[in-house]
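Down below is the structure, laid out as structure tokens.
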Amino acid sequence: MPGVAVMKLEKVTRRYTMGDQTLRALDEVDFEAWPGDLLAVMGTSGSGKSTLLNVLGCLDRPTSGRYLLDGQEVSSMSRDQLARVRNRTIGFVFQSFNLLSRTSALENVELPLLYAGVPTAERQRRSAEALTQVGLRERMLHMPNQLSGGQQQRVAIARAIVGRPKVILADEPTGNLDSRTSVEVMALFQRLWREGMTVLLVTHEPDIAAYASRVITMRDGKVKSDVRQEPRVADPAELPAPEAA
Amino acid sequence: MNPLQTLRVAGRALMRNKLRSLLTTLGVVIGVGAVIAMVALGEGARAKVEASFASMGANLLIILPGSMTAGGARGGFGSGSTLTWDDLKAIQGELQSSVLYAAPQLRGSAQIVSEDTNWATSVTGTSPDYFLIRSWPCSEGAVFTKSDIEGSNKVVVLGATVAENLFGQGVDPVGETVRIKNIPFTVVGLLARKGQSPTGQDYDDGAFVPYTTFQTKIQGGPQKFIAGGIFISAAPGQVSRAQEQISTLLRDRHRTAENADNDFSIRNMAEMASEQQESAQTLAILLASIAAVSLLVGGIGIMNIMLVSVTERTREIGIRMAIGARPRDILLQFLVEALSLSMLGGLLGLLVGIGGAWVGTRLGWPTVIRPEVAAIAMGFSAFIGVVFGLYPARKASQLDPIDALRFE
Ligand SMILES: Nc1ncnc2c1ncn2[C@@H]1O[C@H](COP(=O)(O)OP(=O)(O)OP(=O)(O)O)[C@@H](O)[C@H]1O
Ligand SMILES: [Mg+2]
Numbered sequence: 009m010p011g012v013a014v015m016k017l018e019k020v021t022r023r024y025t026m027g028d029q030t031l032r033a034l035d036e037v038d039f040e041a042w043p044g045d046l047l048a049v050m051g052t053s054g055s056g057k058s059t060l061l062n063v064l065g066c067l068d069r070p071t072s073g074r075y076l077l078d079g080q081e082v083s084s085m086s087r088d089q090l091a092r093v094r095n096r097t098i099g100f101v102f103q104s105f106n107l108l109s110r111t112s113a114l115e116n117v118e119l120p121l122l123y124a125g126v127p128t129a130e131r132q133r134r135s136a137e138a139l140t141q142v143g144l145r146e147r148m149l150h151m152p153n154q155l156s157g158g159q160q161q162r163v164a165i166a167r168a169i170v171g172r173p174k175v176i177l178a179d180e181p182t183g184n185l186d187s188r189t190s191v192e193v194m195a196l197f198q199r200l201w202r203e204g205m206t207v208l209l210v211t212h213e214p215d216i217a218a219y220a221s222r223v224i225t226m227r228d229g230k231v232k233s234d235v236r237q238e239p240r241v242a243d244p245a246e247l248p249a250p251e252a253a
Numbered sequence: 003m004n005p006l007q008t009l010r011v012a013g014r015a016l017m018r019n020k021l022r023s024l025l026t027t028l029g030v031v032i033g034v035g036a037v038i039a040m041v042a043l044g045e046g047a048r049a050k051v052e053a054s055f056a057s058m059g060a061n062l063l064i065i066l067p068g069s070m071t072a073g074g075a076r077g078g079f080g081s082g083s084t085l086t087w088d089d090l091k092a093i094q095g096e097l098q099s100s101v102l103y104a105a106p107q108l109r110g111s112a113q114i115v116s117e118d119t120n121w122a123t124s125v126t127g128t129s130p131d132y133f134l135i136r137s138w139p140c141s142e143g144a145v146f147t148k149s150d151i152e153g154s155n156k157v158v159v160l161g162a163t164v165a166e167n168l169f170g171q172g173v174d175p176v177g178e179t180v181r182i183k184n185i186p187f188t189v190v191g192l193l194a195r196k197g198q199s200p201t202g203q204d205y206d207d208g209a210f211v212p213y214t215t216f217q218t219k220i221q222g223g224p225q226k227f228i229a230g231g232i233f234i235s236a237a238p239g240q241v242s243r244a245q246e247q248i249s250t251l252l253r254d255r256h257r258t259a260e261n262a263d264n265d266f267s268i269r270n271m272a273e274m275a276s277e278q279q280e281s282a283q284t285l286a287i288l289l290a291s292i293a294a295v296s297l298l299v300g301g302i303g304i305m306n307i308m309l310v311s312v313t314e315r316t317r318e319i320g321i322r323m324a325i326g327a328r329p330r331d332i333l334l335q336f337l338v339e340a341l342s343l344s345m346l347g348g349l350l351g352l353l354v355g356i357g358g359a360w361v362g363t364r365l366g367w368p369t370v371i372r373p374e375v376a377a378i379a380m381g382f383s384a385f386i387g388v389v390f391g392l393y394p395a396r397k398a399s400q401l402d403p404i405d406a407l408r409f410e
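Which chain is which? The protein sequence lines are A and B, in order.
Those letters in the first sequence? Residues 9 to 253, per my numbering, in order.
Those letters in the second sequence? Residues 3 to 410, per my numbering, in order.
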């Protein structure tokens, strides 16, 4: 494997306590993601996929264990440092899009750059660029409620990539999309991956996992299998039913 | 995020709930409005008192015969006969370092008769210095002179109200003849309008004649004692020294025993003015503190709505944090929102206060709006915004990103 792991978990546990019951959403997980991984996380509902992704995305903190992001210990970081990591190193794509309502696509995409202190002109140029990359050049001033689910997810992806992070984490990015739009989104992830980003996505669908270069499967908070494969190339042109974007 | 961007984000958040934002500011609007209007009214009352005292004359001392009563003796002009004409001469002659002018004031009342009508008013016998002491110039003609005093000439200077009632408004009475106690007097001057005394009496309702003429023609013969008072204009900054020196001089002249009370009293207008002002000030402070309480209530209203807003926008906060907002970015955003609300309230309150003061003026209460009061009120609303916005903003900034994102 080349160089250092982008993300490395050592015996990471995330425990939830409810009343006198404790639940290990992550149970002493050891895991490494390498540069050049396009990784699909699979597993049954409740197996801990989202929890894993939230921990990797520095949104959630492990109860115990070590997390090294880019060789750096995350558990000892302050809230400000974590914010910086989320801003610069990681791009997060949520299943439910999580765009700011009544805020235009462009302004949504600008947000990470705003918090990074990028000056206005450059911010707008880069945000427009990111939206063009995801094929939404014509929809930049639309509000989220004026966009389809697929378009909203692409705005979310543009927002995740605009800061040029090392890692893209996506929790069921195609969960709310039809199959054609799903392939389009996967094509986008494959392009980012080929450009050198490490992409990690959670999915329930084997069809989607087929586009990944590595698939891990979780069960009861543990990684059960970890398989490398030749990724299928996502090509929206293969599919029938053309869609006007 | 730089401050301008923070302000834009805050502004947009407030614009989303226009009516709610406006209603939230209401407490501060009322508070600031009340502060501005109340202080304007208080200041107006104070300024009126001040102006009416100032119109009595600068650095004015009044010496009255008889001792000061416990309450400060309001009436009592001419009660008791202890001040002599020689006392007056002594003050004029010996206290030149602290006394600029001294003039007698003999008062009576009489019917003044013109050709077509008549008017009952007060008649004062005095010297030309009297008008200097009270800084009271003529608008037509001139006051009588030293030679009028020496010759006991039958000349009169009319107050504006008297002239108006005898000759009509805007008519120049100089040169006309009026009769006082059936004796013809020539009008030599018309005094400029002076307005009301602190007690509400019309200064312009009076006529003035040489004191010698007053003694012979109105009082019925010269007397040893001054049946009235002595008006003194002290040199600038010398009021209390003049008061002391006059007191010493008169005690000496009257051979008052060491431990005996004065047989005269000296009234210091500056002191009386400040006493009156103090009571006006007390009222203003009372009103202002009531207004401050309503500002406080306004602040609590802002805190309440900001707490609601933080809860409503928990998801938004989560999204912003997931994207890289630091706790301090979130803190600042909500703080600026609270501050914008309170400042907007302050601004609207300022308008309401100015409007209220204008209505007050229309209703006949004098009002004075001082820019520093407006500035303090605005500063106070900013303070309220920060103080009451801090808790909700802190609460927002301390949210855990994942909890905030999961919030339904
Ligand atoms: N905030 C929480 N409090 C308590 N338990 C939680 C919490 N979040 C997750 N869990 C539990 O942790 C386990 C893992 O949840 P997680 O969301 O990671 O599952 P998942 O694999 O993403 O499932 P799905 O495929 O349905 O999204 C579940 O049993 C869930 O009930
Ligand atoms: Mg999940």
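Ideal Cβ placement from N, Cα and C applies to all residues, glycine included.
The structure presented is a predicted model; accordingly, all values stated were derived computationally and were not measured.
{"Item": "Would you mind stating whether Arg222(A) and Arg202(A) have Cβ atoms separated by less than 7 Å?", "Value": "no"}
{"Item": "Can you give me the C-alpha to C-alpha distance between Trp64(B) and Ala36(B), rounded to a whole angstrom?", "Value": "Note that residue 64(B) is Ile in the sequence shown here, rather than Trp. C-alpha separation (whole angstroms): 40 Å."}
{"Item": "Taking Cβ positions, are Ser242(B) and Leu66(B) nearer each other than 7 Å?", "Value": "no"}
{"Item": "Can you check whether the C-beta of Phe100(A) is within less than 7 Å of a C-beta belonging to chain B?", "Value": "yes"}
{"Item": "Taking one C-beta from the region 151-158 of chain B and one from the region 197-206 of chain B each time, how about it: are there three or more such pairs within less than 8 Å?", "Value": "no"}
{"Item": "Taking the straight line between their C-alpha atoms, what separation do you get for Glu339(B) and Arg167(A)?", "Value": "25 Å"}
{"Item": "Cβ of Lys19(A) versus every heavy atom of ligand 2: is any distance shorter than 6 Å?", "Value": "no"}
{"Item": "When you compare the CB positions of Gln107(B) and Gly230(B), do they come within less than 7 Å of one another, or not?", "Value": "yes"}
{"Item": "What number of angstroms, rounded off, separates the C-alpha of Glu118(A) from the C-alpha of Ile98(A)?", "Value": "15 Å"}
{"Item": "Out of Arg96(A), Thr71(A) and Leu46(A), point me to the one whose CA is closest to Ser84(A)'s CA.", "Value": "Thr71(A)"}
{"Item": "What in chain B is Cβ-close to Ala124(A), meaning under 8 Å?", "Value": "Gly326"}
{"Item": "Report the partner residues of Lys16(A) according to the DSSP bridge assignment.", "Value": "Glu40(A) and Leu76(A)"}
{"Item": "Would you say Thr211(A) and Ala217(A) are within 7 Å of each other, going by their C-beta atoms?", "Value": "yes"}
{"Item": "Are the C-beta of Asp88(A) and some C-beta of chain B separated by less than 7 Å?", "Value": "yes"}
{"Item": "Check this for me: beta carbons of Ser235(B) and Leu168(B), under 7 Å apart or not?", "Value": "no"}
{"Item": "Check this for me: beta carbons of Gly208(B) and Thr86(B), under 7 Å apart or not?", "Value": "no"}
{"Item": "From the beta carbon of Pro403(B), is the nearest beta carbon of chain C less than 7 Å away?", "Value": "Absent from the structure: chain C. Protein chains present are A and B."}
{"Item": "Taking only three categories from DSSP, how would you classify Thr185(A)?", "Value": "According to the sequence displayed, residue 185(A) carries Leu and not Thr. Of the three classes helix, strand and coil, the one that applies to Leu185(A) here is coil, per DSSP."}
{"Item": "Flag Tyr24(A) as yes when its Cβ comes closer than 6 Å to any non-hydrogen atom of ligand 1, and as no otherwise.", "Value": "yes"}
{"Item": "Could you tell me which uninterrupted beta strand (DSSP E) segments, each at least 3 residues in length, are contained entirely in the region 64-134 of chain A, listed from first to last along the chain?", "Value": "72-77 and 98-101"}
{"Item": "Go ahead and pull the three-state DSSP assignment for Thr284(B).", "Value": "helix"}
{"Item": "Could you tell me the alpha carbon to alpha carbon distance between Thr71(B) and Gln283(B), rounded to whole angstroms?", "Value": "Per-residue confidence for Thr71(B) stands at a pLDDT of 49, beneath the threshold of 50, marking its modelled position as unreliable; no derived number is given."}
{"Item": "Of all Cβ atoms in chain A, is any one closer than 7 Å to the Cβ of Met17(B)?", "Value": "no"}
{"Item": "For ligand 2, is there any heavy atom lying closer than 6 Å to the beta carbon of Cys58(A)?", "Value": "With the sequence shown as reference, residue 58(A) is identified as Ser, and Cys is not the correct amino acid for it. At least one heavy atom of ligand 2 is nearer than 6 Å to the Cβ of Ser58(A), so yes."}
{"Item": "Excluding the 5 residues preceding and the 5 following Val176(B) in the sequence, name in chain order all residues of the same chain whose CB lies nearer than 8 Å to its CB.", "Value": "Glu142, Gly143, Val189, Val190, Gly191 and Leu192"}
{"Item": "Does DSSP put Gly80(B) in a helix, a strand or coil?", "Value": "Residue placement at Gly80(B) cannot be trusted, given a pLDDT of 43 that sits under 50; the coordinates are not used to answer."}
{"Item": "Compare the beta carbon distance of Leu97(B) and Gln240(B) with 7 Å and say whether it is the shorter of the two.", "Value": "no"}
{"Item": "Classify Thr313(B) as buried or exposed, calling it buried when 16 or more other Cβ atoms lie within 10 Å of its own Cβ.", "Value": "exposed"}
{"Item": "Give me the chain B residues within the contact set of Ala129(A), using Cβ-Cβ distance strictly less than 9 Å, ordered along the chain.", "Value": "Neighbours of Ala129(A) on chain B: none; closest Cβ ~14 Å, over 9 Å."}
{"Item": "Could you check where the alpha helix (DSSP H) with Glu374(B) kicks off and where it finishes?", "Value": "Pro373 to Ser399"}
{"Item": "The alpha helix (DSSP H) spanning Lys148(B) covers which residue range?", "Value": "Lys148 to Glu152"}
{"Item": "Going by other Cβ atoms of all chains shown within 10 Å of its Cβ, with 16 needed for buried, is Tyr213(B) buried or exposed?", "Value": "buried"}
{"Item": "Per DSSP, what kind of secondary structure is Gly303(B) in: helix, strand or coil?", "Value": "helix"}
{"Item": "When you compare the CB positions of Ala293(B) and Gly33(B), do they come within less than 7 Å of one another, or not?", "Value": "yes"}
{"Item": "Once you ignore the five residues that flank Ala252(A) on each side, which residues in its own chain have a CB closer than 8 Å to its CB?", "Value": "Any reading at Ala252(A) must be qualified, since the residue scores a pLDDT of 48, below 50, and its modelled position is unreliable; the value itself is stated next. Taken in chain order, the list of residues that qualify is empty."}
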